[in-house]
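In our numbering, the protein residues as written are 17 to 574.
Even glycine gets a Cβ: it sits at the ideal position worked out from N, Cα and C.
Working notes, beginning with the structure itself.
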Amino acid sequence: MDYKKLADLLLPEINSDVTEIENKYPDRGLDSNAIVTRFAPSPTGFVHLGSLFASMVAMRLARQTNGVFYLRIEDTDKKREVEGGITKIVNALSKFGIYFDEGFDKDGNEFGNYGPYLQSKREEIYKSYIKSLIEKGLAYPCFCSPEEIEKQKEEQTAKDLRVGYYGTWAKCRNLSMEDIEKNIKEGKEFIIRLKSEGDIEKFIELNDLIRGNLSLPENDQDIVLMKTNGLPTYHFAHVIDDHLMKTTHVIRGEEWLPSASLHLQLFNIMGFKAPLYAHISTIRKQDGPSKRKLSKRKDPELSMEFYEKEGYPIQTVIEYLTNLANSSFEDWRKNNPLAPLEDYNIRLDNMSVSGPLFDIVKLEDISKTIIANMNTDEVFNLYNTWAKSFDADFAKIIEDNKEYYYNIFSIERGGVKPRKDFSKWSEVKNYISYFNDELFAENLVSGYIFDNLDTRREDIINTLQNYLSLYNENDNNEEWFDKIKVITDKIGYTKDMKQYKKNPGNFKGSIADVATFIRITMTNRKNTPDLHRIMIVMGKERVEKRIHMALEFLNKMQ
Ligand code: GLU
Numbered sequence: 017m018d019y020k021k022l023a024d025l026l027l028p029e030i031n032s033d034v035t036e037i038e039n040k041y042p043d044r045g046l047d048s049n050a051i052v053t054r055f056a057p058s059p060t061g062f063v064h065l066g067s068l069f070a071s072m073v074a075m076r077l078a079r080q081t082n083g084v085f086y087l088r089i090e091d092t093d094k095k096r097e098v099e100g101g102i103t104k105i106v107n108a109l110s111k112f113g114i115y116f117d118e119g120f121d122k123d124g125n126e127f128g129n130y131g132p133y134l135q136s137k138r139e140e141i142y143k144s145y146i147k148s149l150i151e152k153g154l155a156y157p158c159f160c161s162p163e164e165i166e167k168q169k170e171e172q173t174a175k176d177l178r179v180g181y182y183g184t185w186a187k188c189r190n191l192s193m194e195d196i197e198k199n200i201k202e203g204k205e206f207i208i209r210l211k212s213e214g215d216i217e218k219f220i221e222l223n224d225l226i227r228g229n230l231s232l233p234e235n236d237q238d239i240v241l242m243k244t245n246g247l248p249t250y251h252f253a254h255v256i257d258d259h260l261m262k263t264t265h266v267i268r269g270e271e272w273l274p275s276a277s278l279h280l281q282l283f284n285i286m287g288f289k290a291p292l293y294a295h296i297s298t299i300r301k302q303d304g305p306s307k308r309k310l311s312k313r314k315d316p317e318l319s320m321e322f323y324e325k326e327g328y329p330i331q332t333v334i335e336y337l338t339n340l341a342n343s344s345f346e347d348w349r350k351n352n353p354l355a356p357l358e359d360y361n362i363r364l365d366n367m368s369v370s371g372p373l374f375d376i377v378k379l380e381d382i383s384k385t386i387i388a389n390m391n392t393d394e395v396f397n398l399y400n401t402w403a404k405s406f407d408a409d410f411a412k413i414i415e416d417n418k419e420y421y422y423n424i425f426s427i428e429r430g431g432v433k434p435r436k437d438f439s440k441w442s443e444v445k446n447y448i449s450y451f452n453d454e455l456f457a458e459n460l461v462s463g464y465i466f467d468n469l470d471t472r473r474e475d476i477i478n479t480l481q482n483y484l485s486l487y488n489e490n491d492n493n494e495e496w497f498d499k500i501k502v503i504t505d506k507i508g509y510t511k512d513m514k515q516y517k518k519n520p521g522n523f524k525g526s527i528a529d530v531a532t533f534i535r536i537t538m539t540n541r542k543n544t545p546d547l548h549r550i551m552i553v554m555g556k557e558r559v560e561k562r563i564h565m566a567l568e569f570l571n572k573m574q
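This is how it looks when you write it as structure tokens:
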């Protein structure tokens, strides 16, 4: 067979000499250990926790080694395309701190020297390589119609045989030049297939950077390289792209592991050096006694909107994903509690093979620490940004009383042992609503939460009256507490907590009860941050007003 003639017949306009193309993609001139890797989604516009996880790992590895992390959009399957899909992906990832060194920006503008980064713009490039394969007798045209392929599949299934286009089932493999010429003259549509030399009985070695050495069965299918519309399949396109764009590491989901053998075969046939592979295991979840993959339908935490809506800081999500990526991260964090996350080097060989387990409780715990370590400015600004999108009413209240709320957010923040209260912005309002007079009044509709009002009403009234006369907004913590002690004595409660705990029955009550009376009066809660600080932030007028409100309530009860 004259393969050169065949190639010209099939792709007449195409230049099979790829030297010029190769020259457009020079060596990147990076250090030998630099990782060049990519995120290569279809333009579906959809990013979920799994894709964020994979791209976070890929980006960090590139940054750790002064390499390159680029975005390539794999749009050869037009069915998977969504309007504005590219910008949706870039924007969704950028919200979680994922940025590309090459590819597309948030407005969808392309940038970088190793493009185009959109596969459909690279049609000519792929065709040149395909033509070169035909010339070498490594690819051939196939005229089988989809119906014929379907029929063949049915026959294979009925006979309990492997489905596909291989061996004697590869009908167009041995067409003669005359047959081919005749088909083309008749205007029959064709695709280009790989002439696979693989043997399903044999194995190809893959040293996966996460999974270690694997033996994968060789590919013997004459897979499609180019479709009838002239576009290549993903398998072929990505091999050409990873080669030209100088990808050193392919970091992708484990769902691609079954295709890895074919991919290695294609790199071989093309005479390209194959990149290193790391197949990331899918994030799973404990569901009763069993573990399963996160599902779109059952698990809201799979979608990125969940984290935005709930108001988990970006740092939380990324730190949690780092935790899922490497089990050794936890120890590092213990030893470096305040170090920036970027100081930790992600390692592929520390990644789980069976699939990390997603645990929202753990995520929230991490989040509490992260928020506790933020300064007031950060908390105030991040909360406001969140509230503007997700709780506009409360955002307005804050906007109108900025200083008051800034002070509220400053309570027990900073210092050596900052308060660990918030895990996400959506719970902030609930934590601080009592500072707001209207929300406090709303909460009081169902009454104060004083315990044992029937026996303690007098003591509470006494406490509050004493407090009114002793209270001085300028008291420091010690002076303030001394006054609480004075009140304790006056109402006949004990300051001796040790004795009280031993024998509560011997006392009317304790200093802790006195503090609780005041706490409930101020907040109608039993647990709050530092009460003295709360009252300083509330200010004299509000404090006194709340005492009067409580007294009125208690007096009315008679
Ligand atoms: N386009 C493939 C996807 O949609 C990329 C697979 C790979 O990274 O090689 O996930």
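So does residue 64 have its beta carbon nearer than 8 Å to some heavy atom of the ligand GLU? no
Just the C-alpha distance for residue 433 and residue 356, rounded to the nearest angstrom, thanks. 19 Å
Please confirm whether any heavy atom of the ligand GLU lies closer than 8 Å to the CB of residue 57. yes
Within 8 Å: the Cβ of residue 90 and any heavy atom of the ligand GLU? yes
Have a look at 393, 263, 518, 322 and flag the residue whose alpha-carbon is nearest the alpha-carbon of residue 440. 322
Compare the C-alpha of residue 430 against each of 461, 36, 393, 33 and name the closest. 393
So is the beta-carbon of residue 265 under 8 Å away from any non-hydrogen atom of the ligand GLU? no
For residue 368, which residues of its own chain have a beta-carbon under 7 Å away from its beta-carbon, when the five flanking residues on both sides are left out? 297
In the DSSP assignment, what are the bridge partners of residue 372? For residue 372, which the question treats as bridged, DSSP gives no partner whatsoever.
In terms of alpha-carbon separation, which member of 438, 397, 402, 406 lies closest to residue 418? 397
Bridge partners of residue 229, per DSSP? 223
Measure the C-alpha to C-alpha separation of residue 482 and residue 529 and round it to an integer number of angstroms. 15 Å
Between residue 214 and residue 126, what straight-line distance do the alpha-carbon atoms span, to the nearest angstrom? 38 Å
Around the Cβ of residue 7, are there at least 16 other Cβ atoms within 10 angstroms (buried) or fewer (exposed)? Lying before the first or after the last residue shown, residue 7 is absent from the chain, which here runs from 17 to 574.
Name the one or two DSSP bridge partners that residue 267 has. 294
Limits of the alpha helix (DSSP H) - the one that residue 69 falls within: 65-80
Please name the residue or residues paired with residue 86 in a DSSP beta bridge. 54, 118
I'd like the span of the beta strand (DSSP E) that includes residue 616, first residue to last. Nothing can be reported for residue 616: it is not among the residues displayed for the chain, which extend from 17 to 574.
Tell me which residue opens and which closes the alpha helix (DSSP H) that residue 518 is part of. 513-518
By Cβ distance, which residues of its chain are closer than 7 Å to residue 73, with the 5 residues on each side in sequence left out? 267, 296, 341, 362
Taking the continuous beta strand (DSSP E) assigned at residue 1, which residues delimit it? With the chain covering only 17 through 574, there is no way to say anything about residue 1.
Contacts around residue 382, its chain only, beta-carbon distance under 8 Å, and the 5 residues preceding and following it disregarded: 332, 335, 336, 339
Using a Cβ-Cβ cutoff of less than 8 Å, which residues in the same chain neighbour residue 545 once the five nearest sequence positions on both sides are dropped? 427, 428, 435, 437
When we look at the beta-carbon of residue 76 and count the other beta-carbons within 10 Å, is it buried (16 or more) or exposed? buried
Do residue 136 and residue 92 have their CB atoms nearer than 9 Å? yes
Give the straight-line distance between the Cα atoms of residue 564 and residue 444, rounded to the nearest whole angstrom. 27 Å
What residue range is occupied by the uninterrupted beta strand (DSSP E) comprising residue 363? Run containing residue 363: none; DSSP gives neither H nor E here.
Assign residue 244 to one of three DSSP states: helix, strand, or coil. coil
Three-state secondary structure (DSSP) of residue 249: coil
With a cut-off of 8 Å, do at least 3 Cβ pairs link the region 174-183 to the region 273-288? no
Sheet register partners of residue 126 (DSSP bridge): 120
Indicate whether residue 451 and residue 550 have their beta-carbon atoms separated by less than 9 Å. yes
With respect to the beta strand (DSSP E) encompassing residue 210, which residues constitute its N-terminal and C-terminal limits? 207-210
Could you work out which residue in 83, 134, 151 is closest to residue 26 when comparing CA atoms only? 151
Identify, in the order they occur along the chain, each residue of the same chain with its Cβ nearer than 8 Å to the Cβ of residue 165, setting aside the five sequence neighbours on each side. 181
Rounded C-alpha distance that separates residue 478 from residue 537: 13 Å
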